[in-house]
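Asks:
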Amino acid sequence: MLSVALACIVLCSGCAGSPAPTAGPTSPATASAAPSDQDVAMARPGPFESTGDSPDILVQSPRPIDADLVARAAATQGVARLEQFSLATFYREGEAITYAAVDPATFRQFTPGPTAVLDALWDRVADGEIGLRPDLRTALAGPGDFVTLGNDDNAQRAHVAAYAPLVPHSAIGALLNERWADRLHLPKGNALVVSTRFAAPGPVVRRLRRVLGTRASVSLLAPNVVPDQALSAVLTGGSVAAAVGSFSYTPNPDGTVDPEARWVRTHIRTERVPVLGAVTCNRAMLPALRRALTRVVEAGLAAEVHADEYGGCYVPRFIGHDPSRGLSFHTFGTAIDLNVPGNRRGTAGTIDRRVVAILVRCGFAWGGTWRYTDPMHFELAAIRSC
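Mapping of the sequence shown onto mature numbering (1 follows the signal peptide of the UniProt record, and there is no 0): residues -23 to -1, 1 to 363, in sequence order.
#1: Which term fits Gln54, buried or exposed, when burial requires 16 or more other beta carbons within 10 angstroms of its beta carbon?
#2: Let me confirm a value: Thr350 is counted as buried when at least 16 other C-beta atoms fall within 10 Å, else exposed. Which label applies?
#3: Between which two residues does the beta strand (DSSP E) carrying His136 extend?
#4: In angstroms with no decimal places, state the Cα-to-Cα distance between Thr191 and Ser63.
#5: With Ser194 and Gln37 assumed to form a contact (beta carbons below 8 Å), what rounded beta-carbon distance in angstroms separates them?
#6: By how many angstroms is the C-alpha of Ala73 removed from the C-alpha of Ala116?
#7: In chain order, what residues of the same chain have a beta carbon less than 7 Å from the beta carbon of Val252, not counting five sequence neighbours either side?
#8: In three-state DSSP terms, what is Glu281?
#9: Could you give the C-beta distance for Tyr291 and Gly310, rounded to a whole number, given that I count them as a contact under 8 Å?
#10: Closer than 6 Å by C-beta to Ala218: which residues in its own chain qualify, once you throw out the five before and the five after it? Chain order, please.
#11: Look up Ile335 in the DSSP assignment and say whether it is helix, strand or coil.
#12: What do you reckon, are the CB atoms on Asp33 and Val171 nearer than 7 Å?
#13: What did DSSP end up calling Val124 once you bin it into helix, strand or coil?
#14: Rounded to a whole number of angstroms, what is the C-alpha to C-alpha distance between Phe25 and Thr233?
#15: Please report how far the alpha carbon of Trp240 lies from the alpha carbon of Gly222, in whole angstroms.
#16: Alpha carbons only, please: which of Phe295, Asp96, Val188 is nearest the one belonging to Asp235?
#17: Can you check which of these residues, Ala57, Val144, Ala261, is closest to Ala358 by C-alpha distance?
#18: Can you tell me whether DSSP reads Ser209 as helix, strand or coil?
#19: Which of the three DSSP states, helix, strand or coil, is assigned to Arg348?
#20: Applying the criterion that 16 or more other CB atoms from any shown protein chain within 10 Å of the CB defines a buried residue, is Thr75 buried or exposed?
#21: Considering only DSSP beta bridges, list what Gln54 is partnered with.
#22: By DSSP's criteria, Cys258 is part of a beta bridge. Which residues make up the other side?
#23: Please name the residue in Leu95, His136, Leu113, Gly105 whose C-alpha comes closest to that of Val79.
#24: Here's a check: name, in chain order, each residue in its chain whose Cβ is nearer than 7 Å to the Cβ of Asp329, leaving out the five neighbours to either side.
#25: With distances taken from CA atoms, which of Thr327, Ser362, Ala276, Pro164 is nearest Ser209?
#26: Give the straight-line distance between the Cα atoms of Thr(-2) and Cys363, rounded to the nearest whole angstrom.
#27: Let me know if Asn131 comes out buried or exposed under the rule of 16 or more other beta-carbons within 10 Å of its beta-carbon.
#28: Could you check which residue in Pro293, Leu161, Gly289 has the C-alpha nearest to that of Phe224?
#29: I need the boundaries of the alpha helix (DSSP H) containing Glu72, first residue and last residue.
#30: Would you kindly work out how many angstroms separate the C-alpha atoms of Arg338 and Ala93, rounded to a whole number?
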């Protein structure tokens, strides 16, 4: 079984033309990962020593969890060990990617055995590279095994250290070291992974929920667990993420979600824009949408955008109504679907490419260029004038 698991781990040095890491944070692979890798490099963790812990419970919040609350969680009956880290999401071609910024020396305990013991992987994560789940390789990794961490024009890039299984039964698809938290504007320490070691985790989940109250959500990390408590949405990736804000949300059985009322009141607006009329979107997107559609009208292309085929903007739900796939970008109110009938997923779409060009120039990313195309879909990728 160990041999099979090790076969699933691919160290990227040598497998895609990347040079082998050297004994410091200035290896050639890392040097290309960021403008200044010294900003994100940290001490290498050294040889692995197992403590026997496993990831049984995940705690998450849209905001940092303060030290007092962490201490109370650690003192909860049945908690053998916990690890605080930062957790957030960015989007790549319509898919939600959850990533964690961690201390490689201690967080490795909560990954599967073959991953945890691979010293070279954790050394390179400490150097500033990224560990990526194998199933995300096709969707995320570009030439030279680089990953773009966000949607903005100036989004950060990191080199993949290895493709390896990460935290079982969680949505975490990528791991970076904790010094990336500032560079990516993460809320520091907004998550905990908990080991109950020999205690049954179910009762510990209930105790932690009493201790943490509404300040954080507590989920069991086990197969086929349906979320039964408010979860957290923390979007990162640049100026758009900063404007959108973070929030808690409650999942519904039909795959829709209910974001917290305070965030909806602050960020979601119904306003009129050219061509489409009244739309309900995130306030951060409305100026860009209004500018783009004004340019469409000025170009004489208003008839190419069909108001009666508008598919919505703020539509809070999971991708495909499936909780395992994460939140749809529409949940943040920063995506729109245009001319729906003629622009289904997997097709080239019939939308006028001159309209597409205007929207892209005004800061929108277009789903028509994705590997699995979605030509009706436009999402705000950068806040800029046009």
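We put the CB at the ideal spot given by N, CA and C, even for glycine.
Replies: For this structure:
#1: The residue given as residue 54 occupies position 77 in the sequence shown. Classification for Gln54: exposed.
#2: Sequence index remark: in the sequence shown, residue 350 carries index 373 (1-based). So Thr350 counts as buried.
#3: Here residue 136 refers to the residue found at position 159 of the sequence shown. Looking at the DSSP string, the run of the beta strand (DSSP E) that includes His136 is 133 to 140.
#4: Locating residue 191 in the sequence shown gives position 214, where the first residue counts as 1. Locating residue 63 in the sequence shown gives position 86, where the first residue counts as 1. Going from the Cα of Thr191 to the Cα of Ser63 covers about 18 Å.
#5: Counting from 1 along the sequence shown, the entry for residue 194 is found at position 217. Counting from 1 along the sequence shown, the entry for residue 37 is found at position 60. Right, the Cβ-Cβ distance comes to about 6 Å (below 8 Å), so this counts as a contact.
#6: By one-based count along the sequence shown, residue 116 stands at place 139. By one-based count along the sequence shown, residue 73 stands at place 96. Taking the straight line joining both Cα atoms gives about 11 Å.
#7: Mapped onto the sequence shown, residue 252 falls at position 275. Cβ within range, chain order: Leu270, Val273, Val274, Ala279, Val282, Ala284.
#8: Within the sequence shown, residue 281 is the residue found at index 304, counting from 1. Three-state result, Glu281: helix.
#9: Position 314 of the sequence shown, counted from the first residue, corresponds to residue 291. Position 333 of the sequence shown, counted from the first residue, corresponds to residue 310. Contact flag correct, Cβ pair sits at about 4 Å.
#10: Here residue 218 is taken as the residue at index 241 of the sequence shown, counted from 1. Once the five neighbours on either side are set aside, the close Cβ partners of Ala218 are Leu212.
#11: The residue you call residue 335 lines up with position 358 of the sequence shown. Helix at Ile335.
#12: Along the sequence shown, one-based indexing puts residue 33 at 56. Along the sequence shown, one-based indexing puts residue 171 at 194. It is a contact, given that the beta carbons lie within the stated cut-off.
#13: As a working note, residue 124 is residue 147 in the sequence shown. Val124 falls in the strand class under three-state DSSP.
#14: Numbered from 1 along the sequence shown, position 48 holds the residue referred to as residue 25. Numbered from 1 along the sequence shown, position 256 holds the residue referred to as residue 233. Near 42 Å, if we compare the C-alpha coordinates of Thr233 and Phe25.
#15: Here residue 240 refers to the residue found at position 263 when the sequence shown is read from its first residue. Here residue 222 refers to the residue found at position 245 when the sequence shown is read from its first residue. Distance between the alpha carbons of Trp240 and Gly222 is about 8 Å.
#16: For the purposes of this step, residue 235 is identified with residue 258 of the sequence shown, where counting begins at 1. Checking every option, the nearest Cα to that of Asp235 belongs to Phe295.
#17: Counting from one through the sequence shown, the residue named residue 358 turns up at place 381. Measuring from the Cα of Ala358, the nearest candidate turns out to be Ala261.
#18: What you label residue 209 is simply residue 232 of the sequence shown in a count that begins at 1. Three-state DSSP puts Ser209 in a strand.
#19: Start at 1 with the first residue of the sequence shown, and residue 348 comes out as number 371. Looking at Arg348 - three-state DSSP - the assignment turns out to be coil, as it is neither helix nor strand.
#20: Walking along the sequence shown from the start, residue 75 turns up at place 98. By the neighbour-count rule (16 or more Cβ atoms within 10 Å), Thr75 is buried.
#21: One-based indexing of the sequence shown puts residue 54 at position 77. According to DSSP, which records beta bridges pairwise, Gln54 is partnered with nothing at all.
#22: For the purposes of this step, residue 258 is taken as residue 281 along the sequence shown, with counting starting at 1. Looking at the DSSP assignment, Cys258 forms a beta bridge with Arg246.
#23: Looking up residue 79 in the sequence shown gives position 102. The option with the nearest alpha carbon to Val79 is Gly105.
#24: Against the sequence shown, residue 329 aligns to sequence position 352. Around Asp329: Leu278, Glu281.
#25: Walking along the sequence shown from the start, residue 209 turns up at place 232. Of Thr327, Ser362, Ala276, Pro164, the residue nearest in Cα terms is Pro164.
#26: By 1-based counting over the sequence shown, the position of residue -2 is 22. By 1-based counting over the sequence shown, the position of residue 363 is 386. Note that Thr(-2) has pLDDT 31, beneath the 50 cutoff, so the model's placement of it is unreliable and no number is given.
#27: Along the sequence shown, read from residue 1 onward, the residue named residue 131 stands at position 154. That one is exposed.
#28: In the sequence shown, the residue the question calls residue 224 occupies position 247. That would be Pro293, whose Cα lies nearest to the Cα of Phe224.
#29: Within the sequence shown, numbered from 1, the residue matching residue 72 stands at position 95. Element bounds for Glu72: not the alpha helix (DSSP H) but the beta strand (DSSP E), 72 to 79.
#30: Within the sequence shown, the letter at position 361 stands for residue 338. Within the sequence shown, the letter at position 116 stands for residue 93. Cα-Cα distance, rounded: 44 Å.
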